[in-house]
């Protein structure tokens, strides 16, 4: 850490997946009161063989009491410097009865907010309910650990609930009840609603109603961003001209 370590604690998180949705605190290590730009750490008692992803932060204000890191602390992931500017987060394999060495992290303050976009449906569009798709993108200079998506029926004043499979919640605050799938690394990925979750939402959209999609992301430093898309379901299915041809049989 370029700012220098001087007392307090370093907190380490491990996750079985690069999105850090299931991360857990793997250790808290006191830092020497002698100022230094680096220090050695050791994490023990890990289940192995296993593959982990590692993040850490310097609790310079002694605010950590569980959960996510407090805002405004220097932190970092174990990443691959050989990737150049992308610096993708890297997996760490711990063998049974063995050790993983050289797992070095560089910590820094992160005040840059992530970005989030709803690609479909396009805001301001009018679509047919059966052709509805929900997808988007998200990115961050370091990595995103939380993505939340909600769909609000403006006409009926209700939020979508994936568990119940219906628009059933009328609240003034957003309900992020849409279960989407992520595809890509932690710092730049696409997301979409798929499978039965997409089919259930498609079937619940009503002609003539207006809807709002809210997407929210948060990085490990608690920087956040949001995006909104408003669309309409056409009030009726277009009807075209038709003709019937045939012949009478005796």
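Numbering (my numbering), first residue to last: 93 to 342. The beta-carbon is built from N, C-alpha and C at its ideal position, and this holds for glycine as well.
Rounded to whole angstroms, what is the Cα-Cα separation between residue 99 and residue 126?
Looking up residue 99 in the chain shown gives position 7. Looking up residue 126 in the chain shown gives position 34. The alpha-carbon atoms of residue 99 and residue 126 are separated by roughly 7 Å.
Could you give the distance in angstroms between the alpha-carbon of residue 266 and the alpha-carbon of residue 187?
Your numbering for residue 266 matches position 174 in the chain shown. Your numbering for residue 187 matches position 95 in the chain shown. About 44 Å.
Tell me whether residue 119 sits in a helix, a strand or coil according to DSSP, three-state version.
The residue you call residue 119 lines up with position 27 of the chain shown. Three-state DSSP puts residue 119 in a strand.
Span separating the alpha-carbon of residue 161 from that of residue 222
Translated into the one-based positions of the chain shown, residue 161 becomes position 69. Translated into the one-based positions of the chain shown, residue 222 becomes position 130. Straight-line Cα distance between these residues: approximately 42 Å.
Helix or strand or just coil, what does DSSP make of residue 107?
Here residue 107 refers to the residue found at position 15 of the chain shown. Residue 107: strand per DSSP, three-state reduction.
According to DSSP, is residue 289 helix, strand or coil?
Here the question's residue 289 lines up with position 197 in the chain shown. Three-state result, residue 289: helix.
Below 8 Å, can you find three or more Cβ-Cβ pairs linking the stretch 142 to 156 to the stretch 294 to 311?
no
Using the Cα positions of residue 128 and residue 102, report the straight-line distance between them to the nearest angstrom.
Indexing the chain shown from 1 puts residue 128 at position 36. Indexing the chain shown from 1 puts residue 102 at position 10. In a straight line, the C-alpha of residue 128 is about 13 Å away from that of residue 102.
Going by C-alpha distance, which of 117, 276, 164 is nearest residue 153?
Counting from one through the chain shown, the residue named residue 153 turns up at place 61. With distances taken between Cα atoms, residue 153 lies closest to 164.
Use the C-beta contact count for residue 213: other C-beta atoms within 10 angstroms, 16 or more gives buried, fewer gives exposed.
To locate residue 213, count along the chain shown from 1; it is residue 121. When all chains shown are included, residue 213 counts as buried.
Quick check: the stretch 223 to 237 against the stretch 110 to 123, are there 3 or more CB pairs under 8 Å?
yes
Would you mind working out which of 240, 258, 264 sits nearest residue 271, comparing C-alpha positions?
Here residue 271 refers to the residue found at position 179 of the chain shown. The shortest C-alpha separation from residue 271 is found at 240.
Applying the 10 Å Cβ sphere with the 16-neighbour rule, what's the burial state of residue 269?
Walking along the chain shown from the start, residue 269 turns up at place 177. Buried, by the Cβ-count rule.
What do you reckon, are the CB atoms on residue 232 and residue 308 nearer than 8 Å?
Taking the chain shown and counting its residues from 1, one reaches residue 232 at position 140. Taking the chain shown and counting its residues from 1, one reaches residue 308 at position 216. Contact flag unset, no.
Using CA coordinates, which residue listed in 207, 281, 317, 243 is at the minimum distance from residue 297?
Within the chain shown, the letter at position 205 stands for residue 297. If we check each option's Cα against that of residue 297, 243 comes out closest.
Could you give the distance in angstroms between the alpha-carbon of residue 64 and the alpha-carbon of residue 155?
Residue 64 is absent from the structure shown; the chain starts at 93 and stops at 342.
Residue 195 versus residue 254 - alpha carbon distance
Along the chain shown, one-based indexing puts residue 195 at 103. Along the chain shown, one-based indexing puts residue 254 at 162. Distance between the alpha carbons of residue 195 and residue 254 is about 39 Å.
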